[in-house]
Amino acid sequence: MHGAFARINTARSRGRPAPPIEPIPGRDHPRPVTATEETPSGVSRSQVGRIAAGFAVAGVLLAVIAAGVGVDEVRGALATASPGWLLAACCSMCLCLCLWTRSWQVILGVTGVDESYRTLLVTYAAATFANYVTPMGQAGGEPFIAYVLSRETEASYEESLASVVTADLLNLIASIGMALLSLGVLVWRSELPTALAPIAGGLVVAAASVLAVATVAIRFRTTVERSLTKLVAPIGRLVPKLTVDGVRERLGELRAAFDRLAADPRALGRAFAFSVLGWTLFVLPLFLAGRALGLAVDPVVVSFAVSASMLAGYVPSPGGLGSIEVALTALLVALVGLSSANAYAVALLYRLTTYWFAVVVGGLAALAVVRRQ
């Protein structure tokens, strides 16, 4: 979100003056001067256009898939869905957000930020909404979430970013761990089709990549910081407000926040436990979606399918819309033997009770955040 990201580097930290505000002629309220016209929520109009385009493209993709597997068959399967199971799936997603917020609160507590759970829950839901509706939000929404958190709480931007990155890393470790565990069970049962070998390999590569990046970032953090400051130098000549000293200071504060987190492994353990429980409740709606259609899906398959399909979420569409549905459908057909229509119906119901439910709840939370500001 260009308007929001443009203000990230000037977001207020503790003890620092707020960014300069200039009044706009003919208006009663001031706002930071930006190069891009913005909506009242701080989102540029061009970004709104890209979000709308992303949803439109994803909608066309979903319609094409439905036509390919049979619109009448999919409609017939969805018509038999039991509302009770779908309600249970929505409740599971709601509890998932609550647990991930609790993990966030534990991590923030380590950095010295004591914020009420109620405030954090609204902020987390609003940030999730922004992450889910923004193209590529799945792959790089942490800076914006940290910006929202720093505006809504007493945390500085650096503390917010450190907590968000840590929470996301714990969630990623939990998801990859469950995926590898379920993959191991499927291999042990000899129930993993040969066609899914590339996906299994992708999960292993993802796990190795996370471990490698974390190791490099920890062991060679001084070198990483120096490299970043060197990269900033030529950019600073084009952007006067971006200085090497300023970036070096922010990196130092960010490193200090990470050091405080690393110094309390017990708190990180509690946060990780909440992440694992939250991920379990994020996976559960796929099982419940199957039950809503009278289909029994093995919990091990459910765990593997959801975790593996998340790899498809790192595409330039809002919340992986379209790509995740395709991945889930293919996995359910290959692992469970469902018909394409039934598998697609289960995937749609799963996304309805997770993605779309979170978008609605998060959208309401975002409105509350905008009103507070």
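Per the working numbering, the sequence shown runs over residues 184 to 556.
Backbone N, C-alpha and C define an ideal beta-carbon position, used for all residues, glycine too.
As the structure is a prediction and not an experimental result, all values here were calculated from the model.
Given a threshold of 16 other Cβ atoms within 10 Å of its Cβ, counted over all protein chains shown, does Y300 qualify as buried or as exposed? Counting from 1 along the sequence shown, the entry for residue 300 is found at position 117. Under this definition Y300 is an exposed residue.
If contacts are defined as beta-carbon pairs under 8 Å, then A308 and F327 qualify, I think. What distance do you get, rounded to the angstrom? Counting from 1 along the sequence shown, the entry for residue 308 is found at position 125. Counting from 1 along the sequence shown, the entry for residue 327 is found at position 144. About 14 Å separates the two Cβ atoms, so there is no contact after all.
The stretch 459-472 contacting the stretch 355-368, beta-carbon criterion three pairs below 8 Å: As far as the Cβ criterion goes, the stretch 459-472 touches the stretch 355-368, which means the pair count is three or higher.
Alpha carbon of A548 to alpha carbon of L280, nearest angstrom: Here residue 548 refers to the residue found at position 365 when the sequence shown is read from its first residue. Here residue 280 refers to the residue found at position 97 when the sequence shown is read from its first residue. As the crow flies, the alpha-carbon of A548 is around 12 Å from that of L280.
Less than 6 Å between C-beta atoms, sequence neighbours within five positions excluded: which residues of the same chain meet that for L278? For the purposes of this step, residue 278 is identified with residue 95 of the sequence shown, where counting begins at 1. Here L278 has L464 as same chain residues with Cβ atoms under 6 Å from its own Cβ, once five neighbours each way along the sequence are excluded.
Confirm, please, whether the CB-CB distance from V484 to V516 is below 7 Å. Sequence index remark: in the sequence shown, residue 516 carries index 333 (1-based). Sequence index remark: in the sequence shown, residue 484 carries index 301 (1-based). No; because the gap between Cβ atoms is not below 7 Å, this pair is not in contact.
For G545, which residues in the same chain have their Cβ closer than 7 Å to its Cβ, ignoring the five residues on either side in sequence? On the sequence shown, position 362 is the one that residue 545 refers to. Once the five neighbours on either side are set aside, the close Cβ partners of G545 are A308, A309, T311, F312, Y315.
Would you mind sorting W371 into buried or exposed? The rule is 16 or more other CB atoms within 10 Å of its CB. By 1-based counting over the sequence shown, the position of residue 371 is 188. By the 10 Å Cβ count, W371 comes out exposed.
Please go through the same chain and pick out, in chain order, the residues whose beta-carbon is closer than 7 Å to the beta-carbon of L269, but skip the five residues on each side of it. On the sequence shown, residue 269 is found 86 positions in, with the first residue counted as 1. A475, L532, T536.
Under 6 Å Cβ to Cβ from L244, same chain only, skipping five residues before and after it: list those, please. Looking up residue 244 in the sequence shown gives position 61. Cβ neighbours of L244 beyond the five flanking positions: G505.
Report the rounded CA-to-CA distance for V368 versus A488, giving the unit in angstroms. Here residue 368 is taken as the residue at index 185 of the sequence shown, counted from 1. Here residue 488 is taken as the residue at index 305 of the sequence shown, counted from 1. The alpha-carbon atoms of V368 and A488 are separated by roughly 13 Å.
Quick one: Cα of A345 to Cα of Y330, how far? Position 162 of the sequence shown holds residue 345. Position 147 of the sequence shown holds residue 330. Taking the Cα positions, A345 is about 11 Å away from Y330.
Buried or exposed for I207, going by 16 or more other Cβ atoms inside 10 Å? To locate residue 207, count along the sequence shown from 1; it is residue 24. Only weak support exists for where I207 lies, its pLDDT of 43 falling under 50; the value from the coordinates is given anyway. With fewer than 16 other Cβ atoms within 10 Å, it is exposed.
For L261 versus A524, is the C-beta distance shorter than 7 Å? Stepping through the sequence shown from its first residue, residue 261 is reached at position 78. Stepping through the sequence shown from its first residue, residue 524 is reached at position 341. No, Cβ-Cβ distance for L261 and A524 is not below 7 Å.
Near W539, which residues of its chain fall below 8 Å by C-beta distance, leaving aside the five closest residues on each side in sequence? In the sequence shown, the residue the question calls residue 539 occupies position 356. Cβ within range, chain order: n/a, list empty.
Length at least 3, wholly inside the stretch 286-324: the beta strand (DSSP E) runs in chain order: As far as the stretch 286-324 is concerned, it has no whole beta strand (DSSP E) run of at least 3 residues.
Could you tell me the alpha carbon to alpha carbon distance between H185 and Q288, rounded to whole angstroms? Stepping through the sequence shown from its first residue, residue 185 is reached at position 2. Stepping through the sequence shown from its first residue, residue 288 is reached at position 105. Residue confidence is low: H185 scores 42 on pLDDT, short of 50, so the model does not pin down where it sits. Its coordinate-derived value is still stated next. Straight-line measurement puts the Cα of Q288 at about 27 Å from the Cα of H185.
Residues bridged to P501 by DSSP? Mapped onto the sequence shown, residue 501 falls at position 318. In DSSP, P501 forms a bridge with P318.
According to the neighbour-count rule (16 or more other Cβ atoms, all chains shown, within 10 Å of its Cβ), is R554 buried or exposed? Locating residue 554 in the sequence shown gives position 371, counting from the first residue. By the C-beta density criterion, R554 is exposed, having fewer than 16 other C-beta atoms within 10 angstroms.
Local conformation of A517 per DSSP, three classes: Looking up residue 517 in the sequence shown gives position 334. In the structure shown, A517 falls within a helical segment according to DSSP collapsed to helix, strand and coil.
Determine the closest residue to V542 out of A454, G503, I290, with distance taken between C-alpha atoms. The residue labelled residue 542 in the question sits at position 359 within the sequence shown. Looking from the CA of V542, the closest CA among A454, G503, I290 belongs to G503.
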